[in-house]
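Going by numbering that gives the first Met the number 0, the first residue of the sequence shown is number 0, and it counts up by one from there.
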Amino acid sequence: MPLNIIIGAQWGDEGKGHITDRLAHDAAVVARYSGGDNAGHTVIIAGEIFKLHLVPSGIIHPGVVCLIGNGTVVNPAVLLREMDELAARGADVGPARLKLSGGAHLITPAHIAMDRAHERARGRGAIGTTLRGIGPTYTDKARREGLRAELFADPDALAEALAAHVAAKNEALVGGYGEEPVDVAAVIAEFTAYARRLAPYLVDGPLLVDEALRQGRMVLAEGAQGTLLDIDHGTYPFVTSSSPTAGGAMTGLGVGPRVVDRVIGVAKAFTTRVGGGPFPTELDGAAATRLRGTGEKPWDEFGTTTGRPRRVGWLDLPILRHARRVNSLSEFVLTKLDILSGLPEILVCVAYELDGRRIESFPHDPGVLARCRPIYETLPGWAEDVMEVRRPEDLPAAARHYVDFVAAQSGVPVSYVSVGPGREQFIVMD
Ligand code: IMP
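If you want it as structure tokens, here you go:
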């Protein structure tokens, strides 16, 4: 009765939606366990592009039940828009396919206003959040003042809770930050309408997961963000407010570690980051544009949620070792290998130099990380386009060497390599 977990091994945007879609055909349930619509998962099937923020990537597979679990934060306006868009494209997003756990927390316009106000007040120290209200919603959850999705089943209780919530936030917004207040009556009217539509989708998430596992069926936990954005194991304070790591899947779905089989770390063949904070292998200028792309292609390195150009750099092995450690990874999936084709040589950071010393591990203190200088090993590049390669033995020798180097240096096998954005552009490694 396995639970398999898909985790971002870097700073998010590693291509998790792509691999989730690939593995979803063997799953009974695909479940989101953390984060909210700060995530952006792109799946490309037969040239058709699906950009998902909240609905699990399994939705594109008929027959797979998709769960938005307790550990998530849900903006119902975004969820309903995404459901409508998927329905218009022929996907079944009815309550038999899509389920919202009653323990998930709701994001309101007041949370979003607070996110903006906090970021503005931070000035140059801004985290660079996605401004989706994620931090304030998890703050309310931790303060035990949050609004849970189960309120959709009781419109009177929902209206009462919203009135108190918006009033409290308005006090902070107006009194603390000098911002405009949020219109409480409008929020109550909006959320009452959301409740009518979403109440049929409510379930007890942990029960649903347990039933699938006890029937011996596979549950796939779809991570959002990445290990370095984890509130405990990321580059604090430049992190999100939830736990994208493997532990987050346990609490977010309501299961224990004994049910876990594979913990799959998804890593890009280079590194990207959105928002502020240290990034040792960061590149700029032409070298950065070469890896980022220009934004013409949907898989170029521009945020799915915000459209911001991503910061880019060479692959960083101390990061992958950190991801292996804090997630107990069973394997890596290496994505976007095709982007490296045509580079004469490829740099890989194998360790850092810190105050004249060599260190192999990733420092947990971002102040220390900011002082780390990458120590690179230069690997040979390959000229061939690899986008049509489907078998490991057909990879150019230098590309194969790159994949093997990552596995050897990180201490975890690479089980899949992706060589393009399409569903079929995968190599199952031997
Ligand atoms: P928040 O999650 O909106 O609070 O943003 C906190 C930090 O996490 C910011 O640096 C964001 O850019 C980053 N972040 C949040 N979600 C994602 C994601 O899905 N991909 C990449 N970065 C993200």
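Each residue gets a CB set at the ideal place from its N, CA and C atoms; glycine is no exception.
query	result
Whole-angstrom distance between leucine 207 and leucine 66, CA atom to CA atom	9 Å
Glycine 16 vs glycine 127 beta-carbon contact at 9 Å	no
Residue from Ala369, Pro343 and Leu342 whose Cα sits closest to the Cα of leucine 353	Ala369
Buried versus exposed call for aspartate 429 [16 or more other C-beta atoms within 10 Å across all chains shown]	exposed
Tryptophan 313: CB within 8 Å of a non-hydrogen atom of the ligand IMP	no
Those residues which DSSP pairs with threonine 270 across a bridge	Gly312
Separation of alanine 125 from leucine 97, as counted between CA atoms	35 Å
Helix, strand or coil at aspartate 83 according to DSSP, with G and I counted as helix	helix
From Arg422, Glu376 and Glu144, residue whose alpha carbon lies closest to that of threonine 334	Arg422
Assigned secondary structure, arginine 142 (DSSP; H/G/I helix, E/B strand, else coil)	coil
Every unbroken beta strand (DSSP E) within the region 175-243, with a cutoff of 3 residues, ordered by chain	218-221
Sequence ranges, beta strand (DSSP E) only - wholly within the region 73-128, length at least 3	97-100
For leucine 130 and leucine 146, believed in contact at Cβ under 8 Å, the rounded distance	With a Cβ gap of about 19 Å, leucine 146 and leucine 130 do not count as contacting.
As assigned by DSSP and simplified to three states, the class of asparagine 3	strand
Shell residues, 5 Å Cβ cut-off relative to heavy atoms of the ligand IMP	Gly11, Asp12, Asn37, Ala38, Gly127, Thr128, Thr129, Ile133, Gly134, Gln224, Leu228, Thr239, Val273 and Gly274
Reduced DSSP category for histidine 17 - H, G, I as helix; E, B as strand; rest coil	helix
Limits of the unbroken beta strand (DSSP E) element including tyrosine 32	Unbroken run through tyrosine 32: none, as it is neither H nor E.
Secondary structure of histidine 40, DSSP reduced to three states	strand
Three-state class that DSSP yields for leucine 53 in the structure shown	coil
8 Å contact criterion, which serine 33 and glycine 134 should meet: CB distance rounded	Contact flag wrong, Cβ pair sits at about 13 Å.
Cα-Cα separation between valine 442 and alanine 158, rounded to whole angstroms	The shown model of the chain, from 0 to 429, leaves out residue 442, and the question about it has no answer.
Expected contact under 8 Å - CB spacing of leucine 219 and isoleucine 5 to nearest Å	7 Å
Validate contact between the region 266-280 and the region 161-174 using beta carbons, cut 8 Å, 3 pairs	no
DSSP-derived helix/strand/coil call for threonine 303	coil
Proximity winner among Pro373, Pro1 and Thr244, relative to arginine 213 (alpha-carbon distances)	Pro1
CA-to-CA distance, glutamate 376 to aspartate 91, given in whole angstroms	48 Å
Candidates Glu178, Ala76 and Leu394: closest to isoleucine 187 by CA position	Ala76
Cα-Cα separation between glycine 68 and glycine 306, rounded to whole angstroms	26 Å
Status (buried if at least 16 other CB within 10 Å, exposed otherwise) for histidine 24	exposed
Outcome for isoleucine 48 when other beta-carbon atoms lying within 10 angstroms are tallied against a minimum of 16	exposed
Arginine 257 classed as buried or exposed, judged by whether at least 16 other C-beta atoms fall within 10 angstroms	exposed
Which of helix, strand or coil DSSP assigns to glutamate 295	coil
Range of the contiguous beta strand (DSSP E) that encloses leucine 378	372-379
Whole-angstrom distance between histidine 117 and glycine 177, CA atom to CA atom	11 Å
Closest by C-alpha distance to valine 29, when choosing among Val64, Arg372, Arg195 and Asp12	Val64
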